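Novice:
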Amino acid sequence: MINNILNNINEFIINKKVNNFNYIDCTLGLGNHFNNIYKTFNEYINKSILIDKDINSINLTINFLKQEKIINNNNFLLISLNKNELIENDYLNYKFYFINENFKNLINYKFLTNEEEILIIIVDLGISMYQIKNELGFSFNKDTLLDMRYDKSQEITAKYILNKYSQQDLLEVFNKILSYKDTKKIVNEIVKYREKKEIETTQELNKIITKIFSAKFLKDYLQKVYLSLRIETNNELNDLKEFLENIPKIKNKSLFFIISYHSLEGKIIKRFLKENNLKYKKEKPSKDEVKINKPSRSALLWIFSNF
Ligand SMILES: C[S@@+](CC[C@H](N)C(=O)[O-])C[C@H]1O[C@@H](n2cnc3c(N)ncnc32)[C@H](O)[C@@H]1O
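Those letters in the sequence shown? Residues 13 to 319, per the working numbering, in order.
1) Taking the alpha-carbon of phenylalanine 24 as reference, which of Thr39, Asn48, Tyr56, Gly43 has the nearest alpha-carbon?
2) Would asparagine 114 be called buried (16 or more neighbouring beta carbons within 10 Å of its own) or exposed?
3) Could you tell me if methionine 141 is buried or exposed, where buried requires 16 or more neighbouring beta carbons within 10 angstroms of its beta carbon?
4) Are there 16 or more other CB atoms within 10 angstroms of the CB of lysine 116, so buried, or fewer, so exposed?
5) Skipping 5 residues on each side, what residues in its chain have a beta carbon closer than 6 Å to that of serine 226?
6) Answer with buried or exposed for proline 260, where buried requires no fewer than 16 other C-beta atoms within 10 angstroms of its C-beta.
7) What first and last residue would you give for the beta strand (DSSP E) that runs through asparagine 112?
8) Contact check, serine 240 vs phenylalanine 186 under 8 Å by CB: the rounded distance?
9) Inspect the CB distances between the stretch 140 to 154 and the stretch 273 to 282 and report whether three or more fall short of 8 Å.
10) Could you check the C-alpha separation between leucine 18 and isoleucine 49 for me, to the nearest Å?
11) Just the Cα atoms here: how many angstroms apart are isoleucine 21 and leucine 104?
12) Three-state secondary structure (DSSP) at glutamate 97?
13) Taking the alpha-carbon positions, what's the lysine 196 to isoleucine 221 distance?
14) Take the Cβ of leucine 157 as the centre, count every other Cβ of all protein chains shown within 10 Å, and call the residue buried at 16 or more, exposed below.
15) Roughly how many angstroms lie between the CA atoms of asparagine 34 and asparagine 153, to the nearest whole one?
16) Considering only the beta carbon of each residue, do lysine 176 and isoleucine 243 sit closer than 8 Å?
17) How far does the beta strand (DSSP E) with phenylalanine 333 in it reach, from first residue to last?
18) Between which two residues does the alpha helix (DSSP H) holding tyrosine 292 run?
19) Would you call arginine 161 buried or exposed, if buried means 16 or more other Cβ atoms sit within 10 Å of its Cβ?
20) Quick one: give me the first and last residue of the beta strand (DSSP E) that aspartate 64 is part of.
21) Would you say phenylalanine 319 and lysine 265 are within 8 Å of each other, going by their C-beta atoms?
22) Which whole runs of the alpha helix (DSSP H) in the stretch 210 to 291 are 4 residues long or more, in chain order?
23) Buried or exposed: where does glutamate 277 fall if 16 or more other Cβ atoms within 10 Å of its Cβ makes it buried?
24) Whole angstroms are fine: how far does the CA of tyrosine 106 sit from the CA of leucine 89?
25) Can you tell me the Cα-Cα spacing of glutamate 100 and asparagine 86, whole angstroms?
26) Grab me the residues of isoleucine 168's own chain with a C-beta within less than 7 Å of its C-beta, minus the 5 sequence neighbours each way, in chain order.
27) Apart from the five residues just before and just after asparagine 305, which ones in its own chain have a Cβ nearer than 8 Å to its Cβ?
28) Can you say whether asparagine 233 is buried or exposed, counting buried as having 16 or more other CB atoms within 10 angstroms of its CB?
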């Protein structure tokens, strides 16, 4: 998607005669988008506000950007979760702000910009490859604890959901992604298992799912079960809804990019755009990008501006 984004920023600069803007990356991850955008448009960018719920990703990206010589010890500030009291002018003197925060709270950080300044705001939803490979519980290919939190300070984990949610609540979790018939089978097996023992690891969850579905379709079911649990653990759909609801409060002239990966996210974004009469473009990654970056095959880039 990065080429689509770069082309659209370029068009935006030309069409709207933009001289400079603040860049807000709501889902920094390992900073691939930021790195590319910064290298291409750095003479246009005043401040960069780089947000992620996951402090591990932020710390890794800070190290990476130091190596790239984009940031140094004097030009960035790292702000930790829920420090909304930071309204002091002292904090306005940096070029780069890393914020360990939920993007649904972006509106609280409006003080970092002045309303005259143009914003480019990017949200790349979901999970990064780094998290799938290195953090606990996201991958059914590795035996780890069922954690699945982006924000390690929150209490709810995937393990909590599987062991503590009522049967009815579990039905709702899985039925968002799976059919009601399959959901019922899955929830029945989970409830049977947890009567004897807590479900703690990915291997235990895989065992439960393997009992229900034939080997031919197993991978697809595992993917959907893990996706449902990840969405619930991280409150992903509600965070997206709250973020979108706050957009009309942003008074700066802004260009938005949102990358969605499944139809539940797509529906929420489309409804928001229609309800707010916002004109939008929707783009898919090029075939070349899909070849290099497989997860991008399901990605959709939503582009809109508020002026
Ligand atoms: C698809 S990855 C982003 C990859 C990034 N665009 C890059 O170029 O490397 C999504 C990131 O968003 C973060 N994330 C997910 N939901 C979030 C939320 N509500 N608030 C802040 N960060 C969130 C995840 O921790 C993850 O690092």
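For each residue, glycine too, the CB sits at the ideal point set by N, CA and C. All values derive from a computational prediction rather than experimental measurement.
Specialist: Judging by the given coordinates:
1) That would be Tyr56, whose Cα lies nearest to the Cα of phenylalanine 24.
2) Buried, by the Cβ-count rule.
3) By the 10 Å Cβ count, methionine 141 comes out exposed.
4) Burial call: buried.
5) So no residue of the chain qualifies.
6) Answer is exposed; the Cβ neighbour count stays below 16.
7) Note, asparagine 112: beta strand (DSSP E), 108 to 112.
8) Taking a contact as a CB-CB distance under 8 Å, the pair serine 240 and phenylalanine 186 counts as one, their CB atoms being some 5 Å apart.
9) Touching, no, given that fewer than three Cβ pairs across the two stretches are closer than 8 Å.
10) The alpha-carbon atoms of leucine 18 and isoleucine 49 are separated by roughly 7 Å.
11) Between isoleucine 21 and leucine 104, the C-alpha separation is close to 25 Å.
12) With a pLDDT of 49 at glutamate 97, under the threshold of 50, the predicted position of this residue should be treated as unreliable, though the coordinate-derived value follows. Coil at glutamate 97, not helix or strand.
13) Lysine 196 and isoleucine 221 have their C-alpha atoms spaced approximately 12 Å apart.
14) So leucine 157 counts as exposed.
15) Each residue's Cα considered, the two are about 40 Å apart.
16) Taking 8 Å as the Cβ cut-off, lysine 176 and isoleucine 243 do not qualify as a contacting pair.
17) Limits of the chain in this structure are 13 at one end and 319 at the other, which puts residue 333 out of reach.
18) It is not in any alpha helix (DSSP H) - tyrosine 292 instead sits in the beta strand (DSSP E) that spans 292 to 295.
19) Label assigned to arginine 161: buried.
20) Per DSSP, aspartate 64 belongs to the beta strand (DSSP E) from 57 to 64.
21) Between phenylalanine 319 and lysine 265, the gap from beta carbon to beta carbon is short of 8 Å.
22) Every alpha helix (DSSP H) of 4 residues or more that sits fully in the stretch 210 to 291 is shown, in chain order, as 214 to 224, 227 to 245, 248 to 258, 275 to 287.
23) By the neighbour-count rule (16 or more Cβ atoms within 10 Å), glutamate 277 is buried.
24) The straight-line gap from Cα to Cα measures roughly 7 Å.
25) For glutamate 100, the predicted model reports a pLDDT of 49, less than 50, meaning its position is unreliable and no value from the coordinates is stated.
26) Here the set comprises Thr245.
27) Its chain contains Pro297 as the residues whose beta carbon lies nearer than 8 Å to that of asparagine 305, once the 5 sequence neighbours on both sides are disregarded; these appear in chain order.
28) Checking the sequence, you will find tyrosine at residue 233 rather than asparagine. Burial state of tyrosine 233 is buried, judged by a 10 Å Cβ sphere holding 16 or more other Cβ atoms.
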